[in-house]
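Participant: So that we are looking at the same thing, I have put the structure below in structure tokens.
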Amino acid sequence: MVNTALTFNPVLPVYDADGNYTLTDPNADAWLDNSVAVTRIVDAVSNINRVLGNIYLEYEFIKDLKFRTSLASDIYHQTQDMYTPRTVYSGSFNGGQARFATTDLQTILAENTLSYNKKFGDIHQINAVVGFTFQNNKSRSFIDIATNFPNDVLGYYGIENAEDFPSIYASNAESAIVSYLGRVNYNLKEKYLLTVTGRVDGSSRFGSNNRYAFFPSVALAWRLIQEDFIKESGVFSDLKLRISYGKSGNDRISDYAYIRTIGGTTYFFNGGSPASGFAPQVPGNDNLKWETTNQFDVGMDMGFLDSRISLTTDYYYKKTVDLLYNSEIPYTTGYPVYLENIGSMKNSGVEFSLRTANLVNAFKWNTDFNISFNRNQILDLGGKTLYVNNDTYKLKIGTWSVIQEGEQMGSFYGLEADGIWQLDQDAEAAIYGNEPGDFKYIDQNHDGVIDANDRKIIGHALPKFFWGLNNTFSYGNLTLDVFIQGQHGNQILNSNRFELESGNGLSNASTDMLNRWTPDNPSNEYARANRNADYLKMSDRYLEDGSYVRIKLITLSYNLPNKWMSALKIDNARFYVTGENLLTFTKYTGFDPEVSRFGFDNTRMGYDYGGYPSAKSYIIGVILNF
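Numbering (this note's numbering), first residue to last: 63 to 688.
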């Protein structure tokens, strides 16, 4: 919807001469819906029912020895009904379209633990836990699409009148994780702390040979504040040194990925009628195993001035091996990708957290500040370079990101822009098949041709650091919370500009194109208008600074006096008003610097194409406790 609103011809009226919605832009290079019509008359209803439940039983066999069993469930049911009438372009060429979707998700988690907590004299204390957990996940979805309705009067309620039921999609999946775990905490004199854990996890998403893996960890802490020489210094009100090492696993892949699967398809024999059949879908991989992260951490907790100032610092180093990745393979295999464990990656950095009690009298002011610096690097890919392609249906810009040894995840890959060819450079431009007014790119290998061999890493999507700042002001029953966040040092690929700055006249254009190159206006930033221009080349001219500072949340609250509430048999009452995403300070020209078209996919970060911005919202509420 955002992309359509940006690129639809603004000169065209919302309604045509007959009073009907203008269907589409007749000069567009790809179909574009009238965004006003889609917003007003496309009927879409989504209903969600969700039930969360938890029950537990705890029994103490003898003093200090307890058994606990719990059962939790999450049952989710969603229906989506959508009707696209023929009065919008996307519904006009199929006589209206109805879409029905049902999604059912179910998670059951059972946990059984036996714990022992015992203190021996004033010196030793042991807390030990052993347990067994089991989690089962089920999902089921069904999508039915019908087209060619006699009219749009009944919408999706008239599905029985549709002439065609061309598309039905269904899926059914199940997965499970079983874990055997143990943990021992040992406390010596409230000064020396030791934690040792070990767990064996088994996931149904891997084959029988690699289904289980062992993940241990150990952590040590020394409460230096208990040492006399620290106490006598008078500098610290708290001081603790921490060090830890451990392993964790990741099985976040699709269900049945290790199995060779088949799916329905359609064949045409000798130009005749289609025949239903089955074909391979996933090649499977019997050797798939857990992706494992090894993490080392050392940190210190410090307190000053009776803990009015608290500072926590941490350094961490994480190495992830056996990365789970869908590698591209030759189409001659019959499959587009192959899921495998490949290579290793590291993340290292430092984190700081500062808490201060600035004012502690009738008027109180507390501040919490945290900042994190992270460095990511691909260590090994077995000599491979993995290319990430844009999968949007319109742009077709091909490779725009790369995963390469020695570089970081989220590395943008493309040509290096060098302005615009000018009138006095016409002879040199002709060597590259260009003319004055066309984009100019650096010929990295000096072969007289701009092609794939001239691409390089041109930017990074990962920020160099990010931070958060929260201030709490309170006086009596009135409290004000202000939370600000920011990130810095990252780039965003603003793909909307591919179309808005194309200059081909096939869609709406940015007002920046008023400054496009002409013989009388030799712009060095915006190319000439050229209906046949080959403008869709990934380059650093479409990368922008993604740094931002945002006033994320402001909440003003008031707790009603207890003497008022006791008369109403209310324990306490709190009124509040909250504003979210109030102001953003950034150089990014898109709608929102906190955007990624592909969500949490860390192989395709920092890509903005028609992304819906974060909404500014205001909430007024009351919390009552009886």
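All C-beta atoms in this analysis are idealised placements derived from N, C-alpha and C, irrespective of residue type, glycine included.
Computed from a predicted structure; not experimentally measured.
Secondary structure at ARG559, three-state DSSP: helix, strand or coil?
Facilitator: Correct three-state label for ARG559: helix.
Participant: I'd like the span of the alpha helix (DSSP H) that includes ALA489, first residue to last.
Facilitator: Start and end: 488-493.
Participant: For ILE493, which residues from the same chain have a beta carbon less than 8 Å from its beta carbon, with the 5 sequence-adjacent residues on both sides left out?
Facilitator: Counting only Cβ-Cβ distances below 8 Å, and skipping sequence neighbours, we find GLY510.
Participant: Using the DSSP secondary-structure output, state which residues sit across from ASP300 in a beta bridge.
Facilitator: According to DSSP, which records beta bridges pairwise, ASP300 is partnered with GLY365.
Participant: Just to confirm before moving on: does the CB-CB distance between THR66 and SER97 stay below 8 Å?
Facilitator: Result yes, Cβ atoms of THR66 and SER97 sit closer than 8 Å.
Participant: Short of 6 Å in beta carbon distance, which residues of its chain neighbour ASN109, apart from the five on each side in sequence? Order them along the chain.
Facilitator: Result list for ASN109: THR141, in chain order.
Participant: Can LEU373 and LEU303 be called in contact, C-beta distance under 8 Å?
Facilitator: Taking 8 Å as the Cβ cut-off, LEU373 and LEU303 do not qualify as a contacting pair.
Participant: Roughly how many angstroms separate the alpha carbons of ASN116 and LEU133, rounded to a whole number?
Facilitator: Taking the straight line joining both Cα atoms gives about 6 Å.
Participant: Taking DSSP's pairing of strands, which residues face THR646 in a bridge?
Facilitator: Bridge partners of THR646: ARG612.
Participant: Does DSSP classify PHE653 as helix, strand or coil?
Facilitator: Reduced to three states, the DSSP call for PHE653 is coil.
Participant: Got a sec? Which residues, its chain only, sit under 7 Å from GLY481 by beta carbon, not counting five neighbours each side?
Facilitator: Same-chain partners within the cutoff: LYS502 and ASN586.
Participant: Take the Cβ of VAL657 as the centre, count every other Cβ of all protein chains shown within 10 Å, and call the residue buried at 16 or more, exposed below.
Facilitator: When all chains shown are included, VAL657 counts as buried.
Participant: Does the Cβ of ASN556 have 16 or more other Cβ atoms within 10 Å, making it buried, or fewer, making it exposed?
Facilitator: Flag for ASN556 reads buried.
Participant: By the three-class DSSP mapping on this structure, what secondary structure does ARG112 have?
Facilitator: Reduced to three states, the DSSP call for ARG112 is strand.
Participant: How big is the Cα-Cα spacing for LEU441 and GLN466?
Facilitator: Taking the straight line joining both Cα atoms gives about 9 Å.
Participant: What whole-angstrom Cβ distance do ILE546 and LEU531 have, given they're in contact under 8 Å?
Facilitator: Between LEU531 and ILE546 the Cβ distance is about 5 Å, and since that is below 8 Å, they are a contact.
Participant: Between the Cα of ARG202 and those of TYR218, ASP214, ALA232 and GLN357, spot the shortest distance and give me the residue it belongs to.
Facilitator: Nearest of TYR218, ASP214, ALA232 and GLN357 to ARG202, Cα basis: ALA232.
Participant: Do you know whose CA, among ASN507, VAL76, TYR178 and TYR669, lies nearest ILE124's CA?
Facilitator: Ranking ASN507, VAL76, TYR178 and TYR669 by Cα distance to ILE124 puts TYR178 first.
Participant: Span of the beta strand (DSSP E) holding ASN198?
Facilitator: Run containing ASN198: 186-209, per the beta strand (DSSP E) assignment.
Participant: What runs of the beta strand (DSSP E), each 3 residues or longer, lie entirely inside the region 389-438?
Facilitator: The region 389-438 contains these whole beta strand (DSSP E) runs: 399-403 and 406-422.
Participant: Going straight from the alpha carbon of GLU642 to that of SER679, what length do you get?
Facilitator: Roughly 5 Å separates the two Cα atoms.
Participant: Once the 5 residues before and after GLU497 are set aside, which same chain residues still bring their CB inside 6 Å of it?
Facilitator: Closer than 6 Å at Cβ, skipping near neighbours: ALA491.
Participant: According to DSSP, is MET575 part of a helix, a strand, or is it coil?
Facilitator: Three-state result, MET575: helix.
Participant: Put ASP143 into one of helix, strand or coil per three-state DSSP.
Facilitator: Strand.
Participant: Tell me, please, whether the region 265-276 touches the region 313-322 by the rule of three or more beta-carbon pairs shorter than 8 Å.
Facilitator: Yes, they touch.
Participant: In the DSSP assignment, find the unbroken alpha helix (DSSP H) run with ASN693 in it and report its ends.
Facilitator: The structure shown does not extend to residue 693, since the chain is modelled only from 63 through 688, so no value can be given for it.
Participant: Tell me, which residues are paired with VAL107 by DSSP?
Facilitator: ASP143.
Participant: Look up ASP255 in the DSSP assignment and give the residues it is bridged to.
Facilitator: The sequence shown places Leu at residue 255, not Asp. Paired residue(s): ASN249 and ALA283.
Participant: Tell me whether the beta-carbon of ASN552 lies closer than 8 Å to the beta-carbon of ASN71.
Facilitator: Contact: no.
Participant: I want to know whether the region 326-339 touches the region 276-291 - three or more CB-CB distances under 8 Å.
Facilitator: No: the two stretches stay apart, fewer than three of their Cβ pairs being nearer than 8 Å.
Participant: Could you please give me the residues that DSSP links to SER229 through a beta bridge?
Facilitator: DSSP lists ILE207 as partners of SER229.
Participant: Is the beta carbon of LEU176 closer than 8 Å to that of GLY193?
Facilitator: Yes; because the gap between Cβ atoms is below 8 Å, this pair is in contact.
Participant: DSSP beta-bridge partners for LEU373?
Facilitator: Beta-bridge pairing links LEU373 to MET364 and LEU416.
Participant: ILE433 and VAL544: beta carbons closer than 8 Å?
Facilitator: No, the Cβ-Cβ distance between ILE433 and VAL544 is not below 8 Å.
Participant: Would you mind working out which of ASN420, GLN484 and ILE404 sits nearest GLY445, comparing C-alpha positions?
Facilitator: Checked all of ASN420, GLN484 and ILE404; the closest Cα to GLY445 is ILE404.
Participant: Which first and last residues belong to the beta strand (DSSP E) in which PHE330 is found?
Facilitator: First-last of the beta strand (DSSP E) with PHE330: 323-330.
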